[in-house]
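Contents: one structure, followed by commentary.
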Amino acid sequence: MHKKKYLILILILTAAFTINAQPVLPLDFTEQNEYKLTDNLYILEDVNGDYSPSDIFLGKYDSLFQKNKNSELRFGFNQSVYWVRFSLINKSILGKPIILELKNSTINRLQLFSFHHSSVFYTDETGDALPFHTRRSGDRNFIYELFLVSGKEYVFLMKIKSEGDALNIPVNIYSYNVYNNKIGQERLLYGVFYGVIFTVLITTLIFFFYFKNKHSLLYLVFVTLLGLLNFQMDGLAFQYLWPNMPGMNNQMLYILPILTSVFTLLFADAYLNLKKNLPFFRKIIFVLIIVNFCSFLLTFTGISVQYKIYLTFVIAGISTIIAILTGVLNLKHDRIVSLHFLSAFFALFLSIALISTSILGGLFPSIIREYSLKIGMSLQLILLTVALFVKIKMLLEESHQKAIRHLQELNEMKEEMNVELENKVQERTKQLTEANIKVNAAFEDIKIINAQLGQKNEEIRTQCDEIQSQVELVRSQKEILELQKSEITDSISYAKYLQVSVFPPKGLLDKFVTDHFILYKPKSIVSGDFYWVKEVADFGGSNASANQLFIAAVDCTGHGVPGAFLSIIAGNSMNRASELFDKPSDILSYVNRDIFRTLHHKNKETYLHDGVNIALCKIDYNAMTLDFSGAYHPFVIFQNGMMNVHKGERLSLGSDEKDQSAVFKNYSLEIAKGDTFYLFSDGYSDQFSEKNNKKYKTKSFLNLLATIQNSSMTEQHQALEKHLAEWMGTVEQVDDILVVGIRV
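Residue numbers (the numbering used here): 276 to 1019.
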């Protein structure tokens, strides 16, 4: 014990303090080796935990101490602190310490004080709520070695906190040698008990691996849980399994009984074959399993320790009673199995009753509760193991009988099949004889047919020769067609170069615009879509250094060769118009009339409905203005993060005589550095998707442009390419695609 002198003890020494008289227990180990302190204990209940050892030693609360009237210390379910005082005087001369034992491993908090010769000695606080290493003795119970000088009186004070739990604590004094002998005997008994559990586990494990049935598995889990429950109740689990986890140690007091109850019910269900014999009681058992699970969850809530313990052990008791009742009712279905089951579970019921008595403050002395419990559980496990063996033996015999019956059935089936087969052979022989007669007759018919087939073969051979000649002719025509296709493809490929040479060079756009992209994806070798760029002509010399540029996205009706021809007509017409006019609207009016005249639309015999859709801009880099006019295709510009869309007129250039007098609106805008605008055909928005077979549509395309607006023009070009590829998937491109993006 540590030695500590409280400040108040200065007053004790100076005021000639003496502790109020209390009966002193004389210890004479020459006559008696064991003393029960029950009759010498005085108890003070500190409801709020306000008292201090110094106040108690000063005698401040002497009048409140009550003599213990029970055979052991018993405290109910509350949060009080209990001060237990007793006095000892050693009448013997010993060379070894005296042992004070509090035989209860579940005391939450405990501290021992002693007063002798005006000094206070005390131990560090220990208990079930603290790590196991605080128990200096290293024992599962609370053991203190007392060194008492012969003939001197010592006053001891124990501070006990139950923290809501109920406690039953035997308090004894032993001589050193007697205590060691007692511990040796106790360890021997515990070794026998846990040896029985271990033997049962090994036996059940062998059953499981040998017979592979669920009865053995469920029983194996049940025995394991029952062993852990005893290990926990004996304080050995805290000592050896989780010594640094007091919270878990206390929680396992509720968890292990619940799990044991669950597997008790599961084993009863499987062992008694309730699915077949007592289906109604099987439902009751599964309801109880659910109730056990709910109580398992409740143990993790903030309900009091008292209710947790009541809930846990009441449900465990009910589960055991139901299991026993099920065994009784099953007697009429399977008497031998049920008798073995009941004999074992009677011991289990007795064990649970004794556990409940121990926890809740029952009627029996602790020594009877403790060792009767071990004996009862050992008998229960041995009987259940025998019952399991009997059950497995019966299952094997039943399986053997089934195999014999099955073999007999197979032999009977074999005899029946032999008779049936013999009848079938006779019938089949008769059928074969009749069939042989028919075959001979058919053979004669075949000779006649063979002669007819020979004649037909000659006719077929002649037809094959004719077909072969036709195949050679088709092959020759195929080669001619492939040659013609190759020539046409080569011609179209060359026409592409001619088409490109007619249009303005890309370098002209690079001269004026450094930050731009052109997404150009023809459907065929040649295209009906093209972009048109031209420097604004000098009108009257006033624009000699105008620094102005025309740029357009042109979409001719159709694609491929027809679209390419029309694109050349449109490109030439725009070149001529740009020499005459400098407003986009005037250029479109001119191109509208010019294409109509070129395609001879006034000649009804050659009347065509082909036309051209154009989005045309003129950029003035000196004035920082932009003019736009369009036929069907819009113009999109982003300024200060805002998107503006200017729609073109809803007509195609050169397609209809009634549109020859159409007036095209000219939009004039002020532009600034960083503004971005786009010209495009309808190829991107008309493209179908592989996923839903729907067009992309103009609205989605405009949203896409808004999404990529803050990226560089190169990144925008890549984003448009990637998004188009993901949208199309494996779907064929439906039209020429053209998108022109320019950042001022």
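All residues carry an ideal CB built from backbone N, CA and C; glycine is no exception.
Among Leu659, Glu691 and Phe903, the one whose alpha carbon lies nearest that of Ile472: Among Leu659, Glu691 and Phe903, the Cα nearest to that of Ile472 is on Leu659.
Assigned exposure category for Thr574 - 16 Cβ within 10 Å defines buried: By the neighbour-count criterion, in which 16 or more other beta carbons inside 10 Å mark a residue as buried, Thr574 falls on the buried side.
Closest by C-alpha distance to Asn365, when choosing among Pro406, Val589, Asp303 and Val1006: Looking at Pro406, Val589, Asp303 and Val1006, the one whose alpha-carbon comes closest to that of Asn365 is Asp303.
Between the CA atoms of Pro837 and Glu263 - distance to the nearest angstrom: Nothing about residue 263 can be reported from this structure: the residues present for the chain run from 276 to 1019 only.
Nearest neighbour of Leu480, chosen from Leu495, Arg415, Leu339 and Lys699 [CA to CA]: Of the candidates Leu495, Arg415, Leu339 and Lys699, the one whose C-alpha sits nearest the C-alpha of Leu480 is Leu495.
Buried or exposed (CB count within 10 angstroms, at least 16 for buried), Gly949: Taking a 10 Å sphere around the C-beta of Gly949, we find fewer than 16 other C-beta atoms and assign the residue as exposed.
Selection from Ser594, Ile597, Ser570 and Thr595 that minimises the alpha carbon distance to Ile584: The option with the nearest alpha carbon to Ile584 is Ser570.
Given Met917 as reference, the closest of Lys558, Leu758, Asp895 and Gln984 once Cα atoms are compared: Closest option to Met917, Cα to Cα, is Gln984.
Where the alpha helix (DSSP H) through Ala545 begins and ends: Residues Pro521 to Tyr546.
8 Å Cβ shell around Ala1000 - same chain, five flanking residues per side excluded: None.
Extent of the continuous beta strand (DSSP E) to which Ile584 belongs: If you look at Ile584, you'll find it isn't in any beta strand (DSSP E); it sits in the alpha helix (DSSP H) that goes Val580 to Leu604.
Buried or exposed by the 16-neighbour rule on C-beta atoms within 10 Å, applied to Ala716: Exposed, by the Cβ-count rule.
CB of Asn343 within 8 Å of CB of Ile374, strictly: Here Asn343 is not near Ile374, since their CB atoms are 8 Å or more apart.
Range covered by the alpha helix (DSSP H) that runs through Gly466: Start and end: Tyr451 to Phe486.
Own chain partners of Ile894 with C-beta closer than 6 Å, once the 5 adjacent residues on each side are dropped: Excluding sequence neighbours, Ile894 sits near Leu824 and Leu901.
Inter-residue Cα distance where the pair is Ile560 and Val356: Going by the C-alpha atoms only, they are around 42 Å apart.
CA-to-CA distance, Gly466 to Gly459, given in whole angstroms: Their Cα atoms are separated by approximately 10 Å.
Status (buried if at least 16 other CB within 10 Å, exposed otherwise) for Ile912: It counts as buried.
8 Å contact criterion, which Ile599 and Leu614 should meet: CB distance rounded: About 12 Å separates the beta carbons of Ile599 and Leu614, which is beyond the 8 Å limit, so they are not a contact pair.
Rounded C-alpha distance that separates Ser817 from Asp934: The predicted position of Ser817 is uncertain, since its pLDDT is 48 and thus under 50; no value can be drawn from it.
Sequence-distant residues of the same chain with beta carbon closer than 6 Å to Lys1088, five excluded per side: The structure shown does not extend to residue 1088, since the chain is modelled only from 276 through 1019, so no value can be given for it.
Range covered by the alpha helix (DSSP H) that runs through Val498: From DSSP, the alpha helix (DSSP H) with Val498 extends over Lys489 to Met508.
Backbone secondary structure at Trp517 - three-state DSSP: Three-state result, Trp517: coil.
Spatial distance of Ile862 from Leu891 (CA atoms): Rounded to whole angstroms, the gap between the alpha carbons of Ile862 and Leu891 is 9 Å.
Local conformation of Pro301 per DSSP, three classes: If DSSP states are grouped into helix, strand and coil, Pro301 belongs with the strands.
Segment limits, beta strand (DSSP E) that includes Met918: Where Met918 is concerned, the enclosing beta strand (DSSP E) stretches over Met917 to His921.
C-alpha distance - Ser327 paired with Trp358, whole-angstrom precision: Cα-Cα distance, rounded: 10 Å.
With 16 other Cβ atoms within 10 Å as the buried cut-off, status of Thr269: Residue 269 lies beyond the stretch modelled for the chain, which goes from 276 to 1019, so this question has no answer here.
Beta-ladder partner(s) of Asp804, from DSSP: Answer is Asp830.
Proximity of Val1019 and Ala947 at Cβ, strictly below 8 Å: Between Val1019 and Ala947, the C-beta spacing is below 8 Å.
Enclosing alpha helix (DSSP H) for His247 [first to last residue]: This structure does not reach residue 247, given that the chain is present from 276 up to 1019, and the question cannot be answered.
Within 8 Å, strictly: CB atoms of Lys940 and Ser860: Yes.
Exposure of Val938, with buried meaning 16 or more beta-carbon neighbours within 10 Å: Residue environment: Val938 is assigned as exposed (fewer than 16 neighbouring CB atoms within 10 Å of its CB, all protein chains considered).
Whole-angstrom distance between Gln297 and Glu428, CA atom to CA atom: Straight-line Cα distance between these residues: approximately 11 Å.
Pairwise C-alpha distance: Gly402 and Arg384: Separation of Arg384 and Gly402 (C-alpha to C-alpha, rounded to the nearest whole angstrom) is 4 Å.
Pro441 in three-state terms, based on DSSP: Residue identity check: residue 441 is Ala in the sequence provided, not Pro. Looking at Ala441 - three-state DSSP - the assignment turns out to be coil, as it is neither helix nor strand.
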